[in-house]
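One line per chain: the protein sequences are A and U, in this order. Mind the numbering: the first sequence is residues 4 to 455 in my numbering, read in order. Mind the numbering: the second sequence is residues 6 to 183 in my numbering, read in order. Right, one structure below, let's go through it.
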Amino acid sequence: MKTHWHILVVDDEEVMCESLAAWLREDGYSVDTASSGREAVEKAAQRDYAIYFVDLKMPGGLDGIETMMQIRRLHPEASIIIITAYATVDTAITAMKEGAQEYIVKPCNPEEISLLVSRIIKVKNLQRENTILRKKLLRHYCVQDIISKNPRMHEILQLCHEVSSLRSTVLIQGESGTGKEMIARAIHNAGDRASKPFVAVSCAALAETLLESELFGYEKGSFTGAAQRKAGKFEMADGGTIFLDEIGDISAKLQVDLLRVLQDRAFYRVGGSEEVRVDVRVVAATHVNLQEAVAEGKFRDDLFYRLNVIEIRLPALRERREDVPLLAQHFLERLSHELGKDVREISEGALKLLMDHNWPGNVRELENAVERAMVTSRGKTLEEEDFAFLTQNGASSKVPKFPAGMSLQDMERQLIVVTLERTGGNIKEASIVLGIDRSTLYEKIKKYEIPR
Amino acid sequence: MKYLYVGGLGREADREAMARIRERAAAEFPVPVREIELPGVEFAYDPGRGQYRSIEVLEMLAATCPADAYKLLGVTERDLFIPVLTFVYGQAQLDGRVAVVSMARLRQEYYGLPENREVFLERVLKEAMHETGHAFGLVHCADGDCAMSLSTNIRQIDRKRAAFCAACEGRLRRGSGE
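As structure tokens, then:
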């Protein structure tokens with residue numbers, strides 16, 4: 004839309020000013036005029052115009068070059084076109100040296116001005132789009148935008164800040180949906196690598212050989228279909244951060260390759276003999292307990308220690324239930340914008356239901372639940388019934404089910420499991436709820452082999 | 006009742022072209038069209054440039070505009086200009102009352118080619134619809150076929166049609182010009 008762009012025409016001759024302004028308005032631009040350099044600078048102080056047409060010779064006060072210099076002081080990126088009736092090489096050189104984007108001699112061909120304006124506006128449109136996209140991306144992944152009032156989360160966010168500018172490897176552990184990639188992006192964006200690439204790779208999504216060429220790239224002819232050399236994710240992330248999600252799922256061979264990258268910051272492309280050196284910060288994440296995997300011999304201990312330089316353990320949502328209302332309200336506000344639905348709040352009953360839910364899918368599940376409720380809701384408030392699907396699915400473990408034929412022991416086991424889930428694994432709290440003392444609860448947990 | 010007045014500036018204006026413009030304007034614009042006699046544009050002559058000042062012509066048209074005129078289009082044989090540009094094919098008060106079109110650069114002879122009446126008349130219609138469209142509040146259209154697309158050379162005029170695209174026509178009918 005051209006009307007979004009404002010142009011300022013500066014000329015002491017009114018007829019000159021108004022005729023060019025009128026001509027540009029026919030093209031759909033919003034055009035202001037100024038009859039002196041001083042007036043132009045005043046107008047520029049109030050608004051940054053997309054293009055400034057400035058006449059070179061203006062009597063008294065500021066001439067075109069001085070006006071341009073003052074405008075550039077206010078807006079260093081301003082696109083200024085100097086207009087003059089007297090074309091000399093000297094004035095052209097001076098104007099360009101002082102930062103004029105273009106220099107036109109009047110009268111000029113309509114085609115020339117038209118092309119000039121559309122070229123500048125095209126660049127402005129791209130710049131604006133780029134700025135919006137960058138802002139959008141950063142807004143989504145800033146440490147200060149991660150919502151929580153949980154003390155453990157605050158400690159984690161503080162740690163993210165402290166380690167953001169280091170090159171040390173970070174290992175993020177947490178259940179699915181706890182926001183591991185979000186934390187990784189927040190670390191990247193808070194540090195001095197923010198302007199460099201952040202490359203995310205899901206190690207679980209690809210087969211071993213594919214993952215290898217995805218990570219390290221390949222040389223032409225290294226396998227059938229390798230028609231040309233391709234850079235891998237490590238090369239793409241040079242100067243920035245690579246996020247290796249589901250690191251616990253990689254094969255033994257890849258574990259060795261990764262270990263070498265972490266040790267030497269160098270690797271070979273698949274089928275290649277030339278060593279490729281990169282400056283990449285590695286942030287890895289996993290939903291499995293890597294320490295256990297090491298104990299079981301499924302994961303190399305040397306790689307684990309290389310990865311686990313800075314350890315972040317993200318709590319599950321049920322361990323920070325106090326964040327559920329905050330997060331739900333945040334998703335409501337964001338989604339009402341995105342979905343174009345005027346839903347403003349969540350009723351107390353619905354909030355209670357959300358607080359009671361176990362959220363095995365964590366924050367991601369909560370976000371999906373709010374979206375689903377908003378899509379089907381008809382009012383401005385999300386009510387309990389809008390979240391009925393949470394209990395219908397059986398996803399909520401609020402009420403344990405004891406069908407006839409079930410043994411007392413099974414019943415007791417299930418009751419303990421559900422209570423522990425509700426208390427977030429807190430034994431003391433669970434023992435109070437169950438009306439037994441802690442040591443009895445420990446015994447029963449051991450007896451029923453309840454995982455914790 | 007308000008009218009769209011269309012007239013040649015001075016007696017020299019091509020009569021056939023004027024008749025064709027009135028006919029097309031009646032089909033394209035949502036107001037009845039009337040013929041009007043208008044004075045010549047000699048007063049706007051600039052000896053330094055050997056052309057005629059478009060702004061002064063528009064001012065004259067605004068001053069002579071009949072009370073029952075919704076819009077007024079004047080058409081001249083003379084070459085028009087605004088100070089910053091070497092020439093203009095026409096000019097209008099955007100969403101105002103008056104518009105002017107110059108036929109000087111629409112003839113094949115201007116470019117050293119043999120006369121072609123049909124080509125000339127077609128170009129006149131396109132520019133007449135274009136400038137009158139501005140007076141109705143339309144701005145340039147991104148659709149290269151639409152009469153409201155910007156033409157800064159004769160090839161661009163030849164490429165477009167003497168009619169409005171659906172979007173511009175819709176704006177015209179709504180009378181907003183937005």
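The beta carbon of each residue, even a glycine, is placed where N, CA and C say it ideally should be.
So is residue i in contact with chain U if we call contact Cβ pairs under 9 Å?
| i | result |
| --- | --- |
| residue 112(A) | yes |
| residue 397(A) | At residue 397(A), the pLDDT of 49 sits below 50, so the modelled position is not reliable; the number obtained from the coordinates is stated separately. Chain U contact via Cβ: absent. |
| residue 252(A) | no |
| residue 35(A) | no |
| residue 117(A) | yes |
| residue 31(A) | yes |
| residue 123(A) | no |
| residue 85(A) | no |
| residue 109(A) | yes |
| residue 9(A) | no |
Assign residue i to one of three DSSP states: helix, strand, or coil.
| i | result |
| --- | --- |
| residue 111(A) | strand |
| residue 87(A) | strand |
| residue 451(A) | coil |
| residue 175(U) | helix |
| residue 58(U) | strand |
| residue 393(A) | helix |
| residue 398(A) | Any reading at residue 398(A) must be qualified, since the residue scores a pLDDT of 47, below 50, and its modelled position is unreliable; the value itself is stated next. Residue 398(A) falls in the coil class under three-state DSSP. |
| residue 10(A) | strand |
| residue 19(U) | coil |
| residue 176(A) | strand |
| residue 280(A) | strand |
| residue 46(U) | coil |
| residue 39(U) | strand |
| residue 164(A) | helix |
| residue 272(A) | coil |
| residue 339(A) | helix |
| residue 291(A) | coil |
| residue 346(A) | coil |
| residue 26(U) | helix |
| residue 359(A) | helix |
Taking Cβ positions only, does residue i come closer than 9 Å to chain A?
| i | result |
| --- | --- |
| residue 177(U) | no |
| residue 155(U) | yes |
| residue 80(U) | no |
| residue 121(U) | no |
| residue 54(U) | yes |
| residue 124(U) | no |
| residue 181(U) | Note on residue 181(U): pLDDT 44, under 50, position unreliable in the model; the coordinate value appears next. So no, residue 181(U) is outside the interface. |
| residue 170(U) | no |
So with Cβ pairs under 9 Å, would you call residue i a contact of chain D?
| i | result |
| --- | --- |
| residue 107(U) | Looking for chain D here will not work: the only protein chains present are A and U. |
Taking the continuous beta strand (DSSP E) assigned at residue i, which residues delimit it?
| i | result |
| --- | --- |
| residue 315(A) | 313-316 |
| residue 237(A) | Residue 237(A) -> not in any beta strand (DSSP E); alpha helix (DSSP H) instead, spanning 236-239. |
| residue 248(A) | 244-248 |
| residue 227(A) | Note, residue 227(A): premise wrong, no beta strand (DSSP E); not H, not E. |
| residue 205(A) | 201-205 |
Let's see if you can read the secondary structure: which residues bound the alpha helix (DSSP H) around residue i?
| i | result |
| --- | --- |
| residue 308(A) | 304-310 |
| residue 411(A) | 411-425 |
| residue 70(A) | 67-77 |
| residue 162(U) | 159-164 |
| residue 3(A) | Missing from the structure shown is residue 3(A); chain A here goes from 4 to 455 and no further. |
With a cut-off of 8 Å, do at least 3 Cβ pairs link the region 173-180 of chain U to the region 132-149 of chain U? Result yes; three or more Cβ-Cβ pairs closer than 8 Å.
Residues of the region 86-103 of chain U in Cβ contact with chain A at a cutoff of 9 Å, in chain order, please. Across the region 86-103 of chain U, CB contacts with chain A closer than 9 Å involve 86, 87, 88, 89, 90, 91, 92, 93, 94, 96, 97, 98, 99, in sequence order along the chain.
Between the region 14-27 of chain A and chain U, which residues of the former have CB atoms less than 8 Å from a CB of the latter, in chain order? Taking 8 Å as the Cβ-Cβ cut-off, the region 14-27 of chain A approaches chain U at 16, 18, 19, 21, 22, 23, 25, 26, given in chain order.
Do the region 404-424 of chain A and the region 370-386 of chain A touch if we need at least three Cβ pairs shorter than 8 Å? With the cut-off at 8 Å, the region 404-424 of chain A and the region 370-386 of chain A do not touch.
Any contact of the region 290-310 of chain A with the region 110-128 of chain A, i.e. 3+ C-beta pairs under 8 Å? Under the three-pair Cβ rule at 8 Å, the region 290-310 of chain A does not count as touching the region 110-128 of chain A.
At least three beta-carbon pairs within less than 8 Å, the region 93-103 of chain U to the region 17-36 of chain A: By the Cβ criterion, the region 93-103 of chain U is in contact with the region 17-36 of chain A, since at least three pairs of Cβ atoms, one from each stretch, lie closer than 8 Å.
Taking Cβ-Cβ distances below 7 Å as the criterion, which residues of the region 56-85 of chain U are in contact with chain A? Contact residues of the region 56-85 of chain U toward chain A are 60 (C-beta to C-beta distance below 7 Å).
Tell me which residues of the region 127-156 of chain U have at least one Cβ-Cβ distance to chain A shorter than 8 Å, keeping chain order. Within the region 127-156 of chain U, the residues whose Cβ lies closer than 8 Å to some Cβ of chain A are 139, 144, 145, 155, listed in chain order.
Contact between the region 54-61 of chain U and the region 78-94 of chain A (3+ Cβ pairs under 8 Å): Contact fails: fewer than three Cβ-Cβ distances are below 8 Å.
Compile a chain-ordered list of the residues in the region 334-362 of chain A whose CB is closer than 7 Å to at least one CB of chain U. Close to chain U, meaning a Cβ-Cβ distance shorter than 7 Å, is no residue of the region 334-362 of chain A at all.
Would you call the region 147-165 of chain A and the region 218-232 of chain A in contact, with 3 or more CB pairs under 8 Å? No: fewer than three Cβ pairs fall under 8 Å.
Give a yes or no on contact between the region 52-62 of chain A and the region 102-120 of chain U, applying the rule of three or more CB pairs nearer than 8 Å. The answer is no - the region 102-120 of chain U does not touch the region 52-62 of chain A, with fewer than three Cβ pairs under 8 Å.
For the 8 Å Cβ check, are there 3 or more pairs between the region 88-108 of chain A and the region 133-140 of chain U? Taking 8 Å as the limit for Cβ pairs, the verdict is that the region 133-140 of chain U does not touch the region 88-108 of chain A.
Does the region 270-288 of chain A touch the region 235-252 of chain A, meaning 3 or more C-beta pairs lie closer than 8 Å? They touch, by the three-pair rule.
Whether or not the region 178-189 of chain A and the region 306-325 of chain A are in contact is what I'm after, with contact meaning three or more pairs of Cβ atoms, one per stretch, closer than 8 Å; do they touch? Taking 8 Å as the limit for Cβ pairs, the verdict is that the region 178-189 of chain A does touch the region 306-325 of chain A.
Please confirm if the region 189-202 of chain A is in contact with the region 252-262 of chain A, defined as three or more CB-CB distances below 8 Å between the two stretches. When Cβ pairs closer than 8 Å are counted between the two stretches, the region 189-202 of chain A is seen not to touch the region 252-262 of chain A, the count staying below three.
Quick one: any contact between the region 352-363 of chain A and the region 376-393 of chain A, if contact means 3 or more CB pairs under 8 Å? Between the region 352-363 of chain A and the region 376-393 of chain A, the count of C-beta pairs closer than 8 Å reaches three or more; the two stretches touch.
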